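In my numbering, the protein residues as written are 33 to 245.
Worksheet for the structure shown next.
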């Protein structure tokens with residue numbers, strides 16, 4: 033009799049532990065949002081992921097960023113420039129806060145990267161743009177490339193960029209010359225979607241977790 037009671041108690045405890053485990057998992061696992069819910073919260077998911085044509089970028093410290101680099105990780109790509117007075121710093125700060133928040137939550141971010149591509153390659157050399165990117169987060173990459181490759185990548189990623197004027201006296205001349213989207217590349221190295229401004233960390237975190245997890 034005593035043995036049967038102990039077995040019953042053990043089974044009850046196992047059942048309760050299992051229920052508690054799945055209940056806790058449900059509370060901590062991000063909910064998968066529909067495409068419409070993602071859009072309402074600032075993320076546009078492409079109806080079908082899009083391949084990116086071959087490209088090759090290299091940081092000032094010799095790290096090669098190409099199509100192969102994008103595989104088996106999630107990558108954020110942002111087009112900005114070092115003299116940008118407000119929009120670029122805000123977007124880069126949101127990206128930094130996303131990385132830090134994920135770290136605080138105990139999420140492994142080794143397979144999450146960010147690449148900042150300068151839209152002002154005539155001014156932003158490789159050292160300057162890489163240093164600027166790492167000023168926000170040490171694991172960010174900043175790269176400069178030729179204008180033809182810049183425009184090719186921007187076009188594929190639905191980012192409108194026009195060449196800067198030949199002569200300018202103010203740092204704000206680029207403000208109307210580029211879109212402020214934060215591009216998301218998936219683990220297949222394909223264009224998955226983009227975060228739209230105005231950015232809100234809570235919404236960026238919500239939509240990112242829904243898509244990635």
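Just so you know, even glycine gets a beta-carbon here, dropped at the ideal spot from N, CA and C.
A quick note: this is a predicted structure, and the numbers were derived from the prediction, not measured.
Stretch pair the stretch 151-161 + the stretch 121-135: three plus CB contacts closer than 8 Å: no
Heavy atom of the ligand FAD within 7 Å of residue 158 beta-carbon: For the structure depicted, the ligand FAD is absent and the ligand set is empty, with no information on it obtainable.
DSSP state of residue 145 mapped onto helix, strand, coil: The count along the chain shown starts at 1 and reaches residue 145 at position 113. Here residue 145 sits in strand by DSSP.
Status (buried if at least 16 other CB within 10 Å, exposed otherwise) for residue 140: One-based indexing of the chain shown puts residue 140 at position 108. With fewer than 16 Cβ atoms within 10 Å of its Cβ, residue 140 is classed as exposed.
Beta-carbon proximity check, residue 237 vs residue 224, cutoff 8 Å: If you number the chain shown from 1, residue 237 lands on position 205. If you number the chain shown from 1, residue 224 lands on position 192. Contact flag unset, no.
Unbroken alpha helix (DSSP H) run spanning residue 193, endpoints: Residue numbering aside, residue 193 sits at position 161 when the chain shown is read from its first letter. Taken as a continuous stretch (DSSP letters only), residue 193 belongs to no alpha helix (DSSP H), as it is neither H nor E.
Length of the line joining the Cα atoms of residue 83 and residue 222: As a working note, residue 83 is residue 51 in the chain shown. As a working note, residue 222 is residue 190 in the chain shown. Looking at the two C-alpha atoms, the distance is approximately 5 Å.
Residues bridged to residue 82 [DSSP beta-bridge criterion]: Numbered from 1 along the chain shown, position 50 holds the residue referred to as residue 82. 223.
As assigned by DSSP and simplified to three states, the class of residue 55: Position 23 of the chain shown, counting from 1, holds the residue named residue 55. With a pLDDT of only 42 at residue 55, under 50, the local geometry of the prediction cannot be trusted, and the value read off the model is given with reservation. The answer is helix: DSSP assigns residue 55 an H, G or I state.
Ordered list of alpha helix (DSSP H) runs contained in the stretch 88-164, each at least 4 residues: 119-136
6 Å Cβ shell around residue 232 - same chain, five flanking residues per side excluded: Along the chain shown, read from residue 1 onward, the residue named residue 232 stands at position 200. There are no such residues.
Under 8 Å between C-beta atoms of residue 143 and residue 99: Within the chain shown, residue 143 is the residue found at index 111, counting from 1. Within the chain shown, residue 99 is the residue found at index 67, counting from 1. Not in contact: residue 143 and residue 99 (Cβ atoms no closer than 8 Å).
Cα-Cα separation, residue 199 to residue 154: Taking the chain shown and counting its residues from 1, the one referred to as residue 199 is at position 167. Taking the chain shown and counting its residues from 1, the one referred to as residue 154 is at position 122. In this prediction, residue 199 scores a pLDDT of 46, lower than 50, which makes its location untrustworthy; no coordinate-derived value is stated.
Test item: CB-CB of residue 242 and residue 97 under 8 Å: On the chain shown, position 210 is the one that residue 242 refers to. On the chain shown, position 65 is the one that residue 97 refers to. No, the Cβ-Cβ distance between residue 242 and residue 97 is not below 8 Å.
Bounding residues of the beta strand (DSSP E) (the contiguous stretch that carries residue 214): Taking the first residue of the chain shown as 1, we reach residue 214 at position 182. From DSSP, the beta strand (DSSP E) with residue 214 extends over 214-217.
Minimum C-alpha distance to residue 174 - residue among 117, 165, 180, 182: As a position in the chain shown, residue 174 is number 142, starting the count at 1. That would be 165, whose Cα lies nearest to the Cα of residue 174.
Span of the alpha helix (DSSP H) around residue 187: Indexing the chain shown from 1 puts residue 187 at position 155. That run of the alpha helix (DSSP H) goes 179-188.
Cutoff 7 Å; reference residue 86; Cβ partners in own chain excluding five residues on either side: Numbered from 1 along the chain shown, position 54 holds the residue referred to as residue 86. Cβ within range, chain order: 99.
C-alpha gap between residue 244 and residue 106, whole angstroms: Here residue 244 corresponds to residue number 212 of the chain shown, with the count starting at 1. Here residue 106 corresponds to residue number 74 of the chain shown, with the count starting at 1. Each residue's alpha carbon lies about 8 Å from the other.
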